[in-house]
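Peer 1: Can you keep this structure in mind? I'll have questions shortly.
Residue numbers (mature numbering (1 follows the signal peptide of the UniProt record, and there is no 0)): -27 to -1, 1 to 112.
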């Protein structure tokens, strides 16, 4: 059996190990990717604009015309926290909702575009699964 003092010491040691692992884990997972135009690791084959769902084509047309957009978050800066798109400076990526028929909320479908001017995007990606994966849109 453990004494009360040794159990407390064991718990304290375990807490330190967990804390150290939490601090070191992100460093071990850092990618060697740099700020470049390298293709994102998650990008699968491109998707032609004509192959997007009708709602996706409508959203893309709204992006090029500058709106108006149906949701307040449309046009908001996309943080790319998932790091699935090429790394760029903050403010480069913007997100737009692709309506999903039969859903009363924003749903999971998005278009994320990047560039200096929102109406003239350099590149756009489609995500049908709320940012779990992206496909570059080939206009």
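Virtual Cβ for every residue (Gly too), placed ideally from N, Cα, C.
Assuming residue 33 is part of the alpha helix (DSSP H), what are its boundary residues?
Peer 2: Locating residue 33 in the chain shown gives position 60, where the first residue counts as 1. Residue 33 -> alpha helix (DSSP H) spans 27 to 38.
Peer 1: Per DSSP, residue 100 forms a beta bridge with which residues?
Peer 2: Here residue 100 refers to the residue found at position 127 of the chain shown. Its beta-bridge partners are 83.
Peer 1: Count the other C-beta atoms from every protein chain shown that fall within 10 angstroms of the C-beta of residue 100, then say buried if there are 16 or more, exposed otherwise.
Peer 2: For this step, residue 100 is matched to residue 127 along the chain shown. With 16 or more Cβ atoms within 10 Å of its Cβ, residue 100 is classed as buried.
Peer 1: Rounded to whole angstroms, what's the CA-CA distance from residue 81 to residue 105? Just pull it up for me.
Peer 2: On the chain shown, position 108 is the one that residue 81 refers to. On the chain shown, position 132 is the one that residue 105 refers to. Their Cα atoms are separated by approximately 10 Å.
Peer 1: Across which residues does DSSP place residue 89 in a beta bridge pair?
Peer 2: Looking up residue 89 in the chain shown gives position 116. Bridge partners of residue 89: none, in fact.
Peer 1: Once the 5 residues before and after residue 94 are set aside, which same chain residues still bring their CB inside 7 Å of it?
Peer 2: Position 121 of the chain shown, counted from the start, is the residue given in the question as residue 94. Taken in chain order, the residues that qualify are 36, 86, 87 and 88.
Peer 1: Is residue 98 closer than 8 Å to residue 58 when the C-beta atoms are compared?
Peer 2: Here residue 58 refers to the residue found at position 85 when the chain shown is read from its first residue. Here residue 98 refers to the residue found at position 125 when the chain shown is read from its first residue. Result yes, Cβ atoms of residue 58 and residue 98 sit closer than 8 Å.
Peer 1: With distances taken from CA atoms, which of 24, 79 and 54 is nearest residue 66?
Peer 2: Along the chain shown, one-based indexing puts residue 66 at 93. Answer by Cα proximity: 54.
Peer 1: Measuring straight from C-alpha to C-alpha, what distance separates residue 22 and residue 33?
Peer 2: Position 49 of the chain shown, counted from the start, is the residue given in the question as residue 22. Position 60 of the chain shown, counted from the start, is the residue given in the question as residue 33. Going by the C-alpha atoms only, they are around 8 Å apart.
Peer 1: Can you list, in chain order, the residues of its chain with a C-beta nearer than 6 Å to that of residue 111? Leave out the 5 residues immediately preceding and following it.
Peer 2: Reading the chain shown from its first residue, position 138 is the one you call residue 111. Around residue 111: 19 and 21.
Peer 1: Can you give the Cα-Cα distance for residue 29 and residue 52, rounded to whole angstroms?
Peer 2: Here residue 29 refers to the residue found at position 56 of the chain shown. Here residue 52 refers to the residue found at position 79 of the chain shown. Those two C-alpha atoms are separated by around 21 Å.
Peer 1: Please report the residue range of the beta strand (DSSP E) in which residue 109 lies.
Peer 2: Taking the first residue of the chain shown as 1, we reach residue 109 at position 136. Looking at the DSSP string, the run of the beta strand (DSSP E) that includes residue 109 is 108 to 111.
Peer 1: Let me know the secondary structure DSSP gives residue 105 once reduced to three states.
Peer 2: On the chain shown, residue 105 is found 132 positions in, with the first residue counted as 1. Residue 105: coil per DSSP, three-state reduction.
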